[in-house]
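To convert, note that position 64 of the sequence shown is 64 in the UniProt record's numbering; the numbers rise steadily by one, no gaps.
All C-beta atoms in this analysis are idealised placements derived from N, C-alpha and C, irrespective of residue type, glycine included.
A quick write-up on the structure given underneath.
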Amino acid sequence: MAITSNGENANKFDHLPSHTLINLNRRHAPSTSTRATLRVFDCIALSLSLVTDFCFTARRLTMAAISNSLSLKHGFSLARPQRPFLTSAPPSSTSIKFRRCYAAFANENREYVIVGGGNSAGYAARTFVEHGMADGRLCIVTKEGFHTCVGSGGERQTPEWYKENGIEMLYEDPVKDIDIENQTLTTNSGKLLKYGSLIIATGCTASRFPEKIGGNLPSVHYIRNVADADALILSLEKSKKVVVVGGGYIGMEVAAAAVGWNLDTTIIFPEDQLLQRLFTPSLSRRYEELYQKNGVKILKGASIKKLEAGSNGHVAGVKLGDGSMVEADTVIIGIGAKPAVSSFERVGLNTDVGGIQVDGLFRTSIPGIFAVGDVAAFPLKIYDRISRVEHVDHARRSAQHCVKALLSAQTQTYDYLPYFYSRIFEYEGSPRKVWWQFFGDNVGETVEVGNFDPKIATFWIESGKLKGVLLESGSPEEFQLLPKLARNQPLIDKAKLQNATTVEEALEIARASLQGEAAV
């Protein structure tokens with residue numbers, strides 16, 4: 001959730017993860033090419049990853065080819081083991097020198113350094129290239145292997161792309177220390193880099209269960225990056241019973257993918273409803289019924305006491321607070337994420353607002369240091385509050401805005417409109433596909449229109465103004481209307497909306513209110 005400048009919770013869904021997409025071939029029909037599609041937050045972020053960021057951080061890891069984006073168009077794509085387009089290992093292990101660095105530089109001075117290797121880092125790099133400022137000037141430092149692949153149009157940012165554009169890549173070499181007075185950073189391997197401008201794009205780390213209750217058992221998975229996705233694929237290939245812990249983005253999308261593989265799937269969460277930070281109780285109930293219709297067992301209002309190990313040392317079940325046991329040979333934990341700020345707290349950056357605080361140009365309190373993506377707590381201009389958003393859309397846009405401001409005289413501040421979406425159950429044999437989009441702020445009273453067969457729309461109204469809108473199974477034209485409504489916040493007749501008999505009629509009422517505002 002978002003944190004205001006005084007540390008109070010400001011919004012219930014600002015911390016939904018960067019979306020992550022997971023495509024899983026259905027194991028029960030090997031003669032066909034059917035798939036189950038799961039978007040989890042970049043990583044996943046994703047992303048909430050299940051961006052992070054998935055669009056969870058978020059890049060598309062397709063089982064046939066880990067492609068596109070971990071917040072993956074939003075996120076990860078987990079497919080059957082064919083040679084992935086992206087891997088979690090450096091491009092080559094034959095040469096340590098080549099492994100560490102794609103472009104050779106004569107000295108250790110870098111005009112620009114990006115710390116992080118996810119979607120924000122990838123989009124920042126792309127923007128440097130577009131402005132002709134990358135070749136021999138830019139270095140990216142990441143604690144992981146290569147996984148930066150940017151979707152939504154443009155060139156695929158393969159390892160070769162970075163090399164061809166003269167961008168130095170330091171893989172698996174996290175930042176160990178920063179000297180802000182001398183503008184240098186030291187990596188874990190001992191490499192010293194002097195920077196002119198430093199962009200922090202470290203994203204988030206998954207919240208984990210403690211080791212003492214089984215949080216680190218084999219076959220217990222957390223999803224924030226490509227290596228996590230690789231490990232999960234291998235586990236699911238051998239799995240029969242899956243338990244997903246968490247009823248947010250990651251939980252919902254992983255559960256949808258797992259049941260698409262024809263796995264015995266149970267989702268467990270402590271809240272009273274699915275995606276409680278965003279959905280109304282009525283909306284959650286409809287999605288819960290759909291999940292159950294698809295074969296997912298739902299245990300809500302349940303606490304986890306312990307993850308139990310079997311005779312082989314791997315996880316064998318989940319013990320609930322009431323003492324009951326749910327058998328599982330794979331457990332996926334999606335209980336939130338924390339901004340990766342530990343390397344930067346000691347240098348004086350303000351992290352008391354739920355992330356690294358920045359201004360509308362993504363400048364931190366220290367000259368020459370910027371922060372973007374999931375890790376940045378920025379002014380959400382439209383609602384006049386400080387927020388941190390875990391979503392691939394923000395990860396990309398914030399990186400672009402930051403670099404453009406850094407390289408030019410641009411002074412226009414970032415003006416982001418919160419946006420979240422999900423696409424699940426997109427495989428042959430599914431009773432129906434799910435694709436919803438949300439824009440705006442989920443505050444005030446709600447009006448729900450439609451019977452979920454397949455459409456439904458929910459409108460949030462505060463002080464007579466339309467503040468947010470969610471639409472399920474809309475047309476492209478209807479989806480295009482949503483951000484216009486959310487950004488303009490027109491005065492709307494609540495009674496008219498309540499009397500609408502179809503989603504189409506309700507959207508026309510909203511469209512008319514928008515046109516009425518323009519006329520005034």
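For secondary structure counted as the alpha helix (DSSP H) over 4 or more consecutive residues, the region 139-218 holds these complete runs in sequence order: 159-164. Runs of the beta strand (DSSP E) lying entirely within the region 233-319 and spanning at least 3 residues, in chain order: 241-245, 264-269, 297-300 and 304-309.
For residue 127, the uninterrupted alpha helix (DSSP H) run begins and ends at 119-130, by DSSP.
Within the same chain, Cβ atoms closer than 6 angstroms to the Cβ of residue 369 are found at 198, the five residues on either side in sequence being excluded.
With respect to residue 433, residue 425 sits close: the two C-beta atoms are nearer than 7 angstroms.
Counted as a single uninterrupted DSSP element, the alpha helix (DSSP H) harbouring residue 498 occupies residues 494-499. From the listed residues 138, 109, 117 and 116, the smallest Cα separation to residue 407 is found for 138.
Rounded to the nearest whole angstrom, the C-alpha separation of residue 484 and residue 353 is 29 angstroms. For residue 380, no alpha helix (DSSP H) segment is defined; the enclosing uninterrupted segment is the beta strand (DSSP E) at 376-380.
Under the 10 Å beta carbon count, residue 282 is surrounded by fewer than 16 other beta carbons and is classified as exposed. Using a C-beta cut-off of 8 angstroms, the region 260-268 makes contact with the region 293-307, since at least three inter-stretch Cβ pairs fall below that distance. For the pair of segments examined, the region 209-220 was found to touch the region 314-332: the number of CB pairs separated by less than 8 angstroms reaches three. Apart from sequence neighbours up to five positions away, the residues of its chain that approach residue 469 with a beta-carbon distance below 8 angstroms are 438, 439, 440, 457, 458, 459, 460, 482, 485, 486 and 510, ordered along the chain. Taking every protein chain shown into account, the CB of residue 234 has fewer than 16 other CB atoms within 10 angstroms, so this residue is exposed. Scanning its chain for C-beta atoms nearer than 7 angstroms, with the 5 sequence neighbours on each side dropped, one finds around residue 446 the residues 280, 458, 459 and 460, in chain order. Setting aside the 5 residues that flank it on each side, residue 286 is surrounded in the same chain by 452, each with a C-beta closer than 6 angstroms to its C-beta; the list follows chain order. In the structure shown, the three-state DSSP call for residue 406 is helix.
The beta-carbon separation of residue 344 and residue 362, rounded to 14 angstroms, does not stay under the 8 angstroms limit for a contact.
Residue 409 and residue 341 have their alpha carbons spaced roughly 29 angstroms apart. Judged by DSSP in its simplified three-state form, residue 412 adopts coil rather than helix or strand.
Boundaries around residue 488 are those of the alpha helix (DSSP H), 476-488, since no beta strand (DSSP E) includes it. The beta-carbon separation of residue 497 and residue 443, rounded to 16 angstroms, does not stay under the 8 angstroms limit for a contact. In the DSSP annotation of this structure, the continuous segment of the beta strand (DSSP E) that includes residue 467 starts and ends at 465-472. By the Cβ-count criterion, residue 143 is buried, with 16 or more other Cβ atoms from all chains shown falling within 10 Å of its own Cβ.
In the three-state scheme derived from DSSP, where H, G and I count as helix and E and B as strand, residue 391 is classed as coil. Here the C-alpha atom of residue 203 lies approximately 21 angstroms from the C-alpha atom of residue 252. Closest in alpha carbon position to residue 175, among 129, 113 and 167, is 113. In this structure, the alpha-carbon of residue 411 lies about 43 angstroms from that of residue 209. Annotation for residue 422: the continuous beta strand (DSSP E) segment containing it runs 419-424. About 7 angstroms separates the CB atoms of residue 264 and residue 242; that is less than 8 angstroms, so the two are in contact.
Here residue 320 is near residue 302, since their CB atoms are less than 7 angstroms apart. In the three-state DSSP reduction, residue 361 falls in the coil class, being neither helix nor strand. In this structure residue 126 is buried. Its beta-carbon is surrounded by 16 or more other beta-carbon atoms within 10 angstroms.
With fewer than 16 other beta carbons inside 10 angstroms of its own, residue 131 counts as exposed. Close CB contacts of residue 195 within its chain, under the 6 angstroms cut and outside five residues either way in sequence, are with 110, 113 and 183 (chain order). Residue burial is scored here from C-beta neighbours: residue 502 has fewer than 16 other C-beta atoms within 10 angstroms and is therefore classed as exposed.
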